[in-house]
Amino acid sequence: MVNRVVTGAHYGLRDWLIQRITAALMAVYSAALAAYLLLQPHLDYDVWTGLFSGQPMRTFTLLFLLSVFYHAWIGIRDIVMDYVNPAGVRLAIHVLVILVSLLYAIWAVQILWGM
Amino acid sequence: MDKEHPKHLALHLIQLPLPGFVSILHRVSGLLLFLALPLLLLMLQYSLRSIETYTQLMAILAHPLAKLLLLGLLWAFLHHFCAGLRYLAIDLHYVRDLAQARNSSKAVLAASLLLTVLLGAKLW
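Next comes the structure, spelled out in structure tokens:
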């Protein structure tokens with residue numbers, strides 16, 4: 000075996016794991032939400048807002064959305080690292096994705112608690 | 000590193016094997032969903048804010064082009080969902096050989112298309 004010196008930022012395993020944990024969480028949330036909505040005989044504004052009126056649902060929805068943003072950041076970063084070579088462009092896309100993700104997170108709180 | 004023989008990959012000539020096809024669609028669908036995030040958040044906001052914005056949103060979504068866009072995003076979500084479950088199964092060593100890799104790829108493509116048709120028909 001080659002006595003290889005491991006270099007790098009050592010974020011690989013952590014991100015790999017986070018990507019899967021957030022995936023499992025999103026899968027459970029979206030399957031449960033889809034099942035609930037498909038079982039509603041009349042889906043209208045009152046049923047829809049009623050669903051999001053309680054704190055537990057808002058909390059889990061925010062957790063779902065934060066999972067989406069984190070999961071997407073890891074995925075987009077992997078895609079950019081594979082296909083975008085110029086360091087400047089890569090950095091610009093990374094910064095842009097991080098900034099919009101943070102803005103989306105703030106927006107999600109405003110949507111859920113400002114309704 | 001040997002830099003004398005650069006490799007030029009003719010991407011349009013490369014025929015991806017089925018698991019590779021599912022993999023690239025997983026990336027494409029993920030990217031599409033990320034790009035659609037502001038639109039999806041805006042829709043959530045309109046649907047929850049008031050009865051007026053809810054009615055407004057429903058009117059916009061009744062347009063055939065809007066339905067087509069939603070159907071595309073529904074497929075992207077379902078493909079990403081099914082292909083993601085397949086990757087979790089691979090991580091847990093449920094997919095062991097080439098035949099299983101191919102069969103599960105076929106299952107992912109078929110299930111996501113079938114679910115898109117079924118849910119699409121249910122919604123419209």
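These protein sequence lines map, in sequence, to chains A and B. Position 22 of the first sequence, counting from 1, maps to 21 under numbering that gives the first Met the number 0, and the rest follow consecutively. Position 26 of the second sequence, counting from 1, maps to 25 under numbering that gives the first Met the number 0, and the rest follow consecutively. All residues carry an ideal CB built from backbone N, CA and C; glycine is no exception. Model, not experiment: these values are computed from the prediction.
For residue i, which three-state DSSP category applies?
i         : result
Phe51(A)  : coil
Pro18(B)  : helix
Gly119(B) : helix
Gln55(B)  : helix
Ala86(A)  : helix
Asp90(B)  : helix
Gly71(B)  : helix
Gly74(A)  : helix
Met4(A)   : The amino acid occupying residue 4(A) in the given sequence is Val; Met does not appear at that position. The answer is coil: DSSP assigns Val4(A) none of H, G, I, E or B.
Tyr10(A)  : coil
Ile13(B)  : coil
Gln18(A)  : helix
Arg95(B)  : coil
Asp81(A)  : helix
Leu32(B)  : helix
Ser49(B)  : coil
Give the C-beta separation of residue i and residue j to the nearest angstrom, bearing in mind that I take them to be a contact with Cβ-Cβ under 8 Å.
i         : j        : result
Ala107(A) : Leu61(A) : 6 Å
Met114(A) : Val67(A) : The Cβ separation is near 19 Å, so there is no contact.
Ile110(A) : Leu47(B) : 6 Å
Met42(B)  : Leu24(B) : The Cβ separation is near 24 Å, so there is no contact.
Leu69(A)  : Ile17(A) : Checking the sequence shown, residue 69(A) turns out to be Tyr, not Leu. Indeed they touch by this definition, with Cβ atoms about 6 Å apart.
Thr115(B) : Leu87(B) : That pair is no contact at about 21 Å.
Gly83(B)  : Ala86(A) : Not quite, the Cβ-Cβ distance comes to about 30 Å (not below 8 Å), so this is no contact.
Asp90(B)  : Arg19(A) : 7 Å
Taking beta-carbon pairs under 7 Å, can you tell me which members of the region 67 to 78 of chain A lie near chain B? Ala71, Gly74, Ile75 and Ile78
Members of the region 24 to 56 of chain B that neighbour chain A once the beta carbon cut-off is set at 7 Å: Arg26, Gly29, Leu30, Phe33, Leu36, Leu40, Leu43, Gln44, Ser46, Leu47, Arg48, Ile50 and Tyr53
So, does the region 91 to 104 of chain A touch the region 47 to 58 of chain B, judging by three or more C-beta pairs under 8 Å? no
Can you list, in chain order, the residues of the region 64 to 91 of chain B whose Cβ is nearer than 9 Å to any Cβ on chain A? Phe76, Phe80, Gly83, Leu84, Tyr86, Leu87 and Asp90
Anything in the region 10 to 23 of chain A with a Cβ closer than 8 Å to a Cβ of chain B? List those residues in chain order, please. Arg19, Ala22 and Ala23
Taking any Cβ of chain B, which residues in the region 91 to 102 of chain A have a Cβ under 7 Å from it, in chain order? none
Counting beta carbon pairs with one atom in the region 31 to 40 of chain B and one in the region 71 to 87 of chain A, are three or more of them shorter than 8 Å? yes
Near-chain B residues of the region 36 to 52 of chain A - C-beta to any C-beta below 8 Å: Leu37, Tyr44, Trp47, Thr48 and Phe51
Count Cβ pairs between the region 81 to 97 of chain A and the region 42 to 55 of chain A that sit closer than 8 Å; are there 3 or more? no
Under 8 Å, with one C-beta from each stretch per pair, do the region 109 to 117 of chain B and the region 62 to 82 of chain B reach the 3-pair mark? yes
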